[in-house]
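Participant:
Chains as they are written, first to last, in this note's numbering: chain A, 907 to 1488; chain B, 907 to 1488.
(1) Assign residue 1435 of chain A to one of two classes, buried (16 or more other C-beta atoms within 10 Å of its C-beta) or exposed (fewer than that).
(2) Check whether the Cβ atoms of residue 977 of chain A and residue 1022 of chain A sit closer than 7 angstroms, and answer yes or no.
(3) I'd like to check one pair, residue 1063 of chain B with residue 1000 of chain B: are the Cβ atoms closer than 7 angstroms?
(4) Nearer than 6 angstroms: is that true of the beta carbon of residue 1410 of chain A relative to any heavy atom of the ligand SAH?
(5) In terms of alpha-carbon separation, which member of A:1070, A:1408, A:1136, A:1105 lies closest to residue 1058 of chain A?
(6) List, in order along the chain, the chain B residues whose C-beta lies closer than 9 angstroms to that of residue 933 of chain A?
(7) Look at the alpha carbon of residue 1354 of chain B and the alpha carbon of residue 1205 of chain B, and state the distance between them as a whole number of angstroms.
(8) Looking at the unbroken beta strand (DSSP E) that takes in residue 1095 of chain A, where does it start and where does it end?
(9) Put residue 1213 of chain A into one of helix, strand or coil per three-state DSSP.
(10) Would you say residue 1050 of chain B faces chain A, with C-beta separation under 7 angstroms as the test?
(11) What is the rounded straight-line gap between the Cα of residue 1384 of chain A and the Cα of residue 1363 of chain A?
(12) Using DSSP bridges, identify the partner residues of residue 1468 of chain A.
(13) Which residues mark the beginning and the end of the beta strand (DSSP E) in which residue 1137 of chain A is found?
(14) Find the nearest neighbour of residue 1404 of chain A within the set A:1376, A:936, A:1290, A:1455, judged by alpha-carbon distance.
(15) Report the rounded CA-to-CA distance for residue 1486 of chain B versus residue 1392 of chain B, giving the unit in angstroms.
(16) Following the continuous alpha helix (DSSP H) through residue 959 of chain A, name the residue where it begins and the one where it ends.
(17) Could you give the DSSP three-state label for residue 1318 of chain B: helix, strand or coil?
(18) Between residue 936 of chain B and chain A, is the shortest Cβ-Cβ distance under 7 angstroms, so that the two count as touching?
(19) Residue range of the alpha helix (DSSP H) that residue 1155 of chain A falls in?
(20) Measure the C-alpha to C-alpha separation of residue 1476 of chain B and residue 1162 of chain B and round it to an integer number of angstroms.
(21) Give me the subset of the segment 1141-1157 of chain A whose CB atoms are less than 7 angstroms from a CB atom of chain B, sorted by chain position.
(22) Candidates B:1411, B:1151, B:1168: which alpha carbon is nearest residue 1179 of chain B's?
(23) DSSP on residue 1070 of chain B, reduced to helix/strand/coil?
(24) What's the call for residue 1118 of chain B, buried or exposed, on a 16-neighbour Cβ count within 10 Å?
(25) For the segment 1254-1306 of chain B, list the alpha helix (DSSP H) runs that are entirely contained and at least 4 residues long, ordered along the chain.
(26) Out of curiosity, what's the CA-to-CA distance linking residue 1069 of chain A and residue 1020 of chain B?
(27) Assuming contact is defined by CB atoms lying nearer than 7 angstroms, are residue 1286 of chain A and residue 1481 of chain A in contact in what I supplied?
(28) Please tell me whether residue 944 of chain B has its Cβ less than 7 angstroms away from any Cβ of chain A.
(29) Which residues, in order along the segment 917-930 of chain B, keep a beta-carbon less than 7 angstroms from a beta-carbon of chain A?
(30) Kindly indicate if chain B contains any beta-carbon less than 7 angstroms away from that of residue 1456 of chain A.
(31) Look at the alpha carbon of residue 1168 of chain A and the alpha carbon of residue 923 of chain B, and state the distance between them as a whole number of angstroms.
(32) Tell me the residue span of the beta strand (DSSP E) that contains residue 1395 of chain B.
(33) DSSP beta-bridge partners for residue 1182 of chain B?
(34) Less than 7 angstroms between CB atoms is the rule here; does residue 1122 of chain B satisfy it with respect to chain A?
(35) Listing by chain order, which chain B residues have their CB less than 9 angstroms from the CB of residue 1097 of chain A?
(36) I believe residue 1422 of chain A touches residue 1400 of chain A by the beta-carbon criterion, under 8 angstroms. Please report the beta-carbon distance rounded to the nearest angstrom.
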């Protein structure tokens, strides 16, 4: 190589997001940087059809994909996603500021450029015990870390409106540092929206074009979201033609491991936008320069002086990727070494073994008993309902062992008229099942007990240590013995999702030992295990559209209407505990 | 006023630069901030036709208007200009970092929001002695000051290209602070442009659309300039339709006091853009949000949380301003108190009185003599030429006094064939006049002597302490006695521009005692004096389009081809001194 040669020259039609135009040129890359647009002698030359900037996901939580950042990067970099704005909200709920710092350490082990927002809303409320809190002082300290680009989505809209000191201290800390404040304002409208728009710079929660329009008119950047749980692009994409699209970006928010493997990350959202009729160059702007400007990033455009993050495409409209360049390295994930073990703690599922009686609600006297039930209506919302459940006599609590009952259900006799002490049991006919939330962060080990409707199980139990936002251990099932078996299994594998099928006498699980939320294994292996455990869940009758992940939201005490926390049943409108038995 | 009332409510059609649309709404202002878009009970209500964000001038030098910042603010705020990006390059050449800090102090005394860029290129070269240098360490310190938003225009393009350490240290200092680097790259193209675009974020020097297009394609923000000296808007405005206009802004760069009073600041550029066919909303974007994004400013948009900087218009297309609001204050300059005296030094014109002989080139032997002449072809450029000038015998140098000769010219006899020592004199027939540059910053008082073509004077002399970039005292005239009289007068009034007319035996001047560049008086008074001195200059024959300000550029040793500095004649291409006599 002579001194005059650059490392790499890519020839093709440039998707120039600065000018919003296409033009034929060459991109010269040296020492990781785009040094010129134009022909240069080069050590390596690549001809391609289109050259675009590496894509940026404007808002995502890697925890939703159940893998660590390096594994996520290995999945999305080959698809042209070279940067993400990542809010480690779930990690912070388990491990606090230390967990965020561990995440920052993980981020060094992938070519994916993860820029971090500091979780602003940990814990979600005082009604549940998570693994950590992140107070305003810790937020301020984290805002000074490298890779940090914003205050993470501020979920406490009532706090913003009411002038809550802690919320505003966090916002002020970001403002003082010149950093944007990410918003989370679903369905906020009218004068409330005007008020929160004074403090929040963007929002990704719109589900209807009217909502998105009102937000962009209020000066917020609007991120069009297409995740696994919330798919809003089709409803919002019309806004791109209606307003100056510079204020719009694309994001995934939450992509589960199946979607991630099958469809991809924000690249899939981009391709979908094009399929909805968005001009391809403008679509690329939505996932590059617009987001870069939102966070003041140097990436997201192909110009001299920018980091050499390029996507080489054989076709633009279908986003057919030939090669990806990150900091001048071509296809950096192709032959990458295994990443080191995640820096995020793996000993986070800490509770004493439970038995069936621990998870059940005792009741003296005859059944049936009218109880308040979390109605799992789907989406993030739950409904309030009441139902009658039978009373079952506990015969053999002493038989409970760390491994659970051999088959506890045979040791019981239902006696609806008995006067002796029993427990409230499932009504499988009515699809009303016992549910429990076990504090799993090494705190008091408190257990909340209640009921859930619409899971559909006809035998066994399901459980998860992914349970927003506190991420306690949530289990539900037809009988308390199966539930205890699932909970104790999750404890043994340091977290994950699990199903116990008493018919097969088998427990299937996906281990998520990293914070009890993620796996450190390759994406494909995690996907395979997840499919196995989802199949096992269907076998025992789980028929919910959301699959096992439906469980993850049944403990989220800040979204209406009923939720079960480790401290008991919460009526979200009253924002207080309520008795299960009416 | 009840607690629920806001300070101000403005109803009209909002020029929404976020969405790029117009819509009817109300803007609620409280405590200096836009708190909502929508109806609110208000202490004061104003109905108007259009509401736009306060305009931002993307690049200007207040020194060009010959008034201090508070006086400039009083002129442009009523026209809707509420922010300027101001590069105090000239002040820095006279007073260094201390002068910039004094300017920052001045900035506090006007509602105009002056955001400052740190002069990067002081001095322009080693070939002239200015009042100060601003080295990389001082640049770094200044970058940490409040109000500072960027490194000022980097003029040393060869230094950028050659990797000059001092230039790159300044650029690095800005980058480390996350601040943009303003560029100044006239006619730079091809691979040189690609190289400088790695380091420079914007440019305002384009004069042709091809040049501007190449720069915006190289990733630079392009500012369309319409100043007094350089009028480029008409040539560049086509770019607005050709590329995504988000990367374009409007600026004035240099507006002299006449233009400022008669036409205005960047508001006039905006109105002109609309008259060229730019969509009015897009035109407003060019002078608001685009520039705000270039410098990371919170102003330049009307949205909740933004400072309440508004322009209330009876007509948008003609930019007919009814009221201006800055930080919630309606028409803040209307009844403003006199600003305090400028913090910028006024004792900056420091040289010993000169006499005719000091300004003349001695010559032994007969004339005529062939000399190199600065050809003032207009614009910023000069040409190289040679001419023959006569030799005049100096009879009465001893008669020179601080006030100048009574009438020195009568004491001389021209004798082209004399062998005695004489001085090179004017050839008024050929319009070749003597010119001198006197070091005026209290240094060695060195005097450069030479000749200039195309000023047109038939008697007397003209002079200025505004002489880019070193701002020494430049004088030119038909005879050296008149020149000395002008120089000494400028010394007495602490700087300014002056004309001596021997026919009327009168000296007319505009005093610019603030750094020898600006006046602290109201704009109208400065304009009146300037008109008087310009008229006096025309009376003595000055026929140059540039008027007296043409003088200001004849010492600028970094623009081709010949320039006169206090150290002598400079051939800019050779970037070295050259003898006047061939």
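Where a beta carbon is used, it is the ideal one built from N, C-alpha and C, also for glycine. Here the structure is a predicted model, which is why all the values come from computation and not from measurement.
Facilitator: Checking against the coordinates, here is how it stands:
(1) The residue in question, residue 1435 of chain A, is buried, as its Cβ has 16 or more Cβ neighbours within 10 Å.
(2) For residue 977 of chain A and residue 1022 of chain A, no; Cβs fall outside 7 angstroms.
(3) Between residue 1000 of chain B and residue 1063 of chain B, the C-beta spacing is not below 7 angstroms.
(4) Judged by which ligands are present, the structure shown has none, so any question about the ligand SAH falls away.
(5) Of the candidates A:1070, A:1408, A:1136, A:1105, the one whose C-alpha sits nearest the C-alpha of residue 1058 of chain A is A:1105.
(6) Going along chain B, no residue has its Cβ under 9 angstroms from residue 933 of chain A, so there is no contact; the nearest lies around 11 angstroms.
(7) Distance between the alpha carbons of residue 1354 of chain B and residue 1205 of chain B is about 47 angstroms.
(8) Residue 1095 of chain A -> no beta strand (DSSP E), and no H or E assigned at all.
(9) Strand, per DSSP.
(10) Not a single CB atom of chain A sits nearer than 7 angstroms to the CB of residue 1050 of chain B.
(11) Computed Cα separation, rounded: 7 angstroms.
(12) In the DSSP assignment, residue 1468 of chain A forms a beta bridge with A:1477.
(13) Element bounds for residue 1137 of chain A: n/a, residue is neither H nor E.
(14) Ranked by Cα distance from residue 1404 of chain A, the options A:1376, A:936, A:1290, A:1455 are led by A:1455.
(15) In a straight line, the C-alpha of residue 1486 of chain B is about 23 angstroms away from that of residue 1392 of chain B.
(16) Note, residue 959 of chain A: premise wrong, no alpha helix (DSSP H); beta strand (DSSP E) at 948-959.
(17) At residue 1318 of chain B, the pLDDT of 42 sits below 50, so the modelled position is not reliable; the number obtained from the coordinates is stated separately. In this structure, DSSP gives residue 1318 of chain B a state outside helix and strand, which the three-state scheme calls coil.
(18) Judged by the 7 angstroms Cβ criterion, residue 936 of chain B is not in contact with chain A.
(19) It is not in any alpha helix (DSSP H) - residue 1155 of chain A instead sits in the beta strand (DSSP E) that spans 1154-1157.
(20) A straight line joining the alpha-carbon of residue 1476 of chain B with that of residue 1162 of chain B spans about 27 angstroms.
(21) So the list reads 1149, 1150, 1152, 1153, given in the order they occur along the chain.
(22) Comparing Cα-Cα distances from residue 1179 of chain B to each of B:1411, B:1151, B:1168, the minimum goes to B:1151.
(23) Correct three-state label for residue 1070 of chain B: coil.
(24) By the 10 Å Cβ count, residue 1118 of chain B comes out buried.
(25) Entirely contained in the segment 1254-1306 of chain B, the alpha helix (DSSP H) runs reaching 4 residues are, in chain order, 1262-1265.
(26) Within the model, the alpha-carbon separation for residue 1069 of chain A versus residue 1020 of chain B is close to 32 angstroms.
(27) Not in contact: residue 1286 of chain A and residue 1481 of chain A (Cβ atoms no closer than 7 angstroms).
(28) Proximity of residue 944 of chain B to chain A, defined by a Cβ-Cβ separation below 7 angstroms, is satisfied.
(29) Flagged, chain order: 922, 924, 925, 926, 927.
(30) Chain B, which has no Cβ nearer than 7 angstroms to the Cβ of residue 1456 of chain A, makes this no.
(31) Taking the straight line from one Cα to the other gives about 39 angstroms.
(32) For residue 1395 of chain B, there is no enclosing beta strand (DSSP E); the residue is part of the alpha helix (DSSP H) that begins and ends at 1386-1398.
(33) None, per the DSSP bridge assignment.
(34) The beta-carbon of residue 1122 of chain B is placed less than 7 angstroms from the nearest beta-carbon of chain A.
(35) Contact annotation for residue 1097 of chain A against chain B: 942, 944, 946 [CB-CB distance below 9 angstroms, chain order].
(36) In this structure residue 1422 of chain A touches residue 1400 of chain A by the C-beta definition: roughly 7 angstroms separates them, less than 8 angstroms.
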